[in-house]
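K.L.:
Number of protein chains: 2
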Amino acid sequence: MEPSAYLPLREPTLFILLSLSADNKHGYAILQDVEALSDGRVELSTSTLYEALARLLDQGLIARVEGPAAADDQNPGRPRKVYRLTPSGRRVLNAEVVRLQGLVATAQQRLRAAGSC
Amino acid sequence: MEPSAYLPLREPTLFILLSLSADNKHGYAILQDVEALSDGRVELSTSTLYEALARLLDQGLIARVEGPAAADDQNPGRPRKVYRLTPSGRRVLNAEVVRLQGLVATAQQRLRAAGSC
DNA sequence: CTTTATAAGTCGCTAACCGATATATAACCA
DNA sequence: TGGTTATATATCGGTTAGCGACTTATAAAG
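Heads up: the protein sequence lines correspond to chains A and B, in order. Every number in the numbering used here is 167 more than the matching position in the first sequence, counting from 1. Every number in the numbering used here is 167 more than the matching position in the second sequence, counting from 1.
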């Protein structure tokens, strides 16, 4: 599995993986976490979210966590589906962060060069 | 003009603006510069390049530099079209780099949090 | 018993990218 | 002379990911 084949990630996808990197979550929780994580800047539409989850599952970057979400499944709404980041998913996420770091470094060099003459 | 309305930029678009931030260039020169700038990682297809240039022109983020490219227009190929970054384009580029910096910072925090427990 | 919050899913559209292909021009060289 | 290569711009068809709008389902609150 070559992480670079999955890059670059678009912003919503990056935030979804990043959200799952801390704890396993169900879709709606990801939605809220991403909004908080991005300081309110990124508000995923539910279509973006659920389509991305299906795609990431298909790619093996995330996986379903089976089982009836503890015993306390007395929450409103449809039954939750909990996801986790797979090792592949974590590698892709790390690779993307490394890519972004390089990008920022390159950009800053260029912008400095442009400003200094 | 609200720079954030143009964000996030996709990777090819970011590199095109970044390439023009240093010097004015024609399309083909951008193509080669982006490849060098990205250490060979990003090879724009000509369709991506010229469609992006048309779009960026339309958005006012770049502009044509008129005039027959100095007197020495004895280069092969069709006549060159030289572009420059507009002030708006530079603001958008700067905003994008700031966005990316924030993204990297957020991601590193999250990844540290995930690793430490 | 209607509204609100939670939760998942679907549809049609669009923007941006990409591979393939076309066209034009000058230089090189056999 | 005429074929190849490098330079240079342009267009077409297809794909992907995101997004707005909408739908369905469930429990609690009022």
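Built from N, CA and C at the ideal position, the CB exists for glycine as well. The model shown is predicted, which means the values in this text are computed figures rather than measured ones.
Taking CB distances under 8 angstroms as the criterion, tell me whether A238 (chain B) reaches chain A.
P.N.:
With a pLDDT of only 49 at A238 (chain B), under 50, the local geometry of the prediction cannot be trusted, and no value is derived from it.
K.L.:
How about G194 (chain A) and I229 (chain A): are their beta carbons less than 8 angstroms apart?
P.N.:
no
K.L.:
So what does DSSP say about E169 (chain B), is it helix, strand or coil?
P.N.:
coil
K.L.:
Here's a check: name, in chain order, each residue in its chain whose Cβ is nearer than 8 angstroms to the Cβ of L174 (chain B), leaving out the five neighbours to either side.
P.N.:
So the list reads V259, A262, E263, R266, once near-sequence residues are dropped.
K.L.:
To the nearest angstrom, how far is it from the Cα of L252 (chain B) to the Cα of R279 (chain B)?
P.N.:
38 angstroms
K.L.:
Curious, which full-length alpha helix (DSSP H) runs of at least 4 residues does the segment 181-215 of chain A contain?
P.N.:
194-204
K.L.:
Residues of chain A with CB closer than 9 angstroms to the CB of R277 (chain B), please, in chain order.
P.N.:
L185, S186, S188, A189, L204
K.L.:
Hey, does L270 (chain B) have any beta-carbon neighbour from chain A nearer than 8 angstroms?
P.N.:
yes
K.L.:
Can you tell me whether E169 (chain A) is buried or exposed? The criterion is at least 16 other CB atoms within 10 Å of its CB, across all chains shown.
P.N.:
exposed
K.L.:
Relative to the alpha-carbon of G282 (chain B), which residue among A:F182, A:T180, A:A189, A:P179 has its alpha-carbon at the smallest distance?
P.N.:
It is A:A189.
K.L.:
Give, in chain order, every residue of the segment 168-181 of chain A whose Cβ lies closer than 7 angstroms to some Cβ of chain B.
P.N.:
P175, E178
K.L.:
In the structure shown, what three-state DSSP assignment does R258 (chain A) receive?
P.N.:
helix
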